[in-house]
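Just so we're aligned, residue 12 is where the sequence shown starts under this note's numbering, counting upward by one. We put the CB at the ideal spot given by N, CA and C, even for glycine.
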Amino acid sequence: MRATGVGSHPGEDQQALDEAVRVVLGELGEEPGLPYLPEVPGRGATATMTGRGLAVLEGLDADLQPAGWRLTGSSGSPGVDHRRTRSLLAQDLDTLEERAQAFTGTFKVQVCGPWTLAATVERPRGDKLLADHGARRELAQALAEGVRAHVADVRRRLSSLERLVVQVDEPALAAVVSGSVPTASGFGRHRTVDLPEASQGLEWVLGAIESSGAEPWVHACAPGTPWGLVRGAGARGLSVDLGVLAAADHDVLAEALEAGESVVLGVVPGTRPATEAGDAQVTERVLRWLDMLGLDPEELPGLVVSPTCGLAGADAAYARAALALVRTSAANVQAG
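As structure tokens, this is what we get:
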């Protein structure tokens with residue numbers, strides 16, 4: 012039984028990133044914690060989930076337009092914004108390396124998934140990559156290659172790690188497979204991506220993570236995420252918001268846990284609620300869920316608790332409190 016966070020933290024500058032690394036290592040650096048590289052998207056477009064995903068791409072260039080990120084092709088000469096997002100990721104990894112070089116346990120990093128990138132990044136000719144079958148295929152393959160290099164870089168920096176998890180963030184996957192992503196005009200919707208293609212795009216990225224010696228997880232907090240498809244594509248960890256799951260999703264999670272895989276239950280709000288729950292209430296919620304499925308917490312080493320989504324919309328004090336709450340709750344569940 013472990014505790015972790017989804018990834019994002021509040022703040023608007025590099026000092027906020029430094030503080031977030033310190034908080035994560037302080038709250039989750041010892042059992043039952045699972046620390047991670049924080050993301051601080053408030054620093055601007057180069058630090059958002061999309062920007063961080065583009066920083067990892069191999070062989071494709073991008074630039075920043077008034078409407079957002081746009082691919083510019085494969086010239087091998089990235090524009091200034093693309094260089095900045097790569098530089099910022101390297102700078103964040105430098106900070107992590109300085110603070111966590113001696114860490115020896117399990118560590119997590121996050122990367123934007125291929126379908127969320129396809130739903131948020133534009134083609135050179137305009138509109139989302141999602142509109143172009145060939146472009147979205149090329150994007151997924153470029154991300155898979157880039158992830159290999161990213162895993163190698165993290166392992167080089169944190170050479171004492173026992174286990175590295177790479178969480179692929181796919182908040183837009185549900186919209187992609189349901190045909191709910193709006194077109195550039197806002198008046199239409201992109202066509203549904205069929206399930207075999209959606210699975211293949213994920214398979215390339217998740218397979219690249221696993222073949223690089225890391226463990227592939229997928230996070231999504233949107234209702235309607237096809238968790239059976241995600242698990243079938245090779246995810247060895249499923250990170251969910253417990254409050255938005257459909258009835259069939261619970262069976263998929265139970266099967267994953269019984270197979271020795273990881274399930275991350277989002278049970279603490281990502282922003283400060285009107286009435287804050289204590290660790291006893293969070294613990295009880297996890298135990299009730301396990302009881303509903305007939306699962307024994309003592310036999311589920313892959314169970315993890317976390318906030319429901321990222322903490323970027325919270326204040327710094329609540330972000331710290333949320334991590335402390337999931338850590339204490341995990342210890343309570345583990346203790347029985």
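Can you tell me which of the three DSSP states residue i falls into?
i, result
"Leu107", "helix"
"Val192", "coil"
"Pro89", "coil"
"Ala73", "strand"
"Glu41", "coil"
"Ala14", "strand"
"Gly313", "coil"
"Asp326", "coil"
"Val348", "With the chain covering only 12 through 347, there is no way to say anything about residue 348."
"Gly116", "coil"
"Thr131", "helix"
"Leu82", "strand"
"Pro207", "helix"
"Ser170", "coil"
"Glu50", "strand"
"Glu23", "coil"
"Pro237", "coil"
"Gly331", "A quick correction: the sequence has Arg, not Gly, at residue 331. DSSP places Arg331 in helix when its eight states are reduced to three."
"Arg350", "Residue 350 lies beyond the residue range present for the chain, which begins at 12 and ends at 347; the question has no answer from this structure."
Do residue i and residue j have their C-beta atoms closer together than 8 angstroms?
i, j, result
"Pro182", "Ala231", "yes"
"Val51", "Ala66", "no"
"Ala186", "Val192", "yes"
"Leu141", "Arg148", "no"
"Val241", "Leu253", "no"
"Gly321", "Ser19", "yes"
"Asp326", "Pro89", "no"
"Leu128", "Leu71", "no"
"Ala160", "Glu309", "no"
"Ala111", "Leu169", "yes"
"Leu306", "His261", "no"
"Ser348", "Ala163", "Residue 348 is absent from the model: the chain starts at 12 and stops at 347."
"His93", "Ala78", "no"
Contact defined as beta carbons within less than 8 angstroms: I believe residue i pairs with residue j. What is the distance between those atoms, to the nearest angstrom?
i, j, result
"Thr115", "Leu172", "7 angstroms"
"Glu38", "Arg247", "Not a contact, Cβ separation roughly 25 angstroms."
"Asp29", "Gln121", "At roughly 18 angstroms, the Cβ-Cβ gap does not stay under 8 angstroms, so Asp29 and Gln121 are not in contact."
"Pro318", "Val17", "6 angstroms"
"Val279", "Val297", "Not confirmed; about 11 angstroms, so no contact."
"Thr15", "Leu45", "4 angstroms"
"Met12", "Ala341", "5 angstroms"
"Gly235", "Ser273", "Between Ser273 and Gly235 the Cβ distance is about 22 angstroms, and since that is not below 8 angstroms, they are no contact."
"Ala56", "Leu75", "6 angstroms"
"Gly245", "Glu214", "6 angstroms"
"Ala216", "Gly281", "It should be noted that the sequence gives Val, not Ala, for residue 216. Val216 to Gly281, Cβ: 24 angstroms. No contact."
"Ala330", "Val34", "7 angstroms"
I want to know whether the segment 337-346 touches the segment 311-318 - three or more CB-CB distances under 8 angstroms. yes
Are the segment 262-277 and the segment 285-295 touching, with three or more C-beta to C-beta distances below 8 angstroms? no
Would the segment 54-71 and the segment 85-100 be scored as touching if the rule is three or more Cβ pairs under 8 angstroms? yes
Could you tell me whether the segment 199-207 touches the segment 152-159, using the rule of 3 or more Cβ pairs below 8 angstroms? no
Are the segment 82-91 and the segment 126-142 in contact at 8 angstroms, needing three or more beta carbon pairs? yes
Complete alpha helix (DSSP H) runs within the segment 243-291 (minimum length 4 residues, chain order): 258-269
Run through the segment 136-183 for me and flag every whole beta strand (DSSP E) of 3 or more residues, listed as ranges in chain order. 174-180
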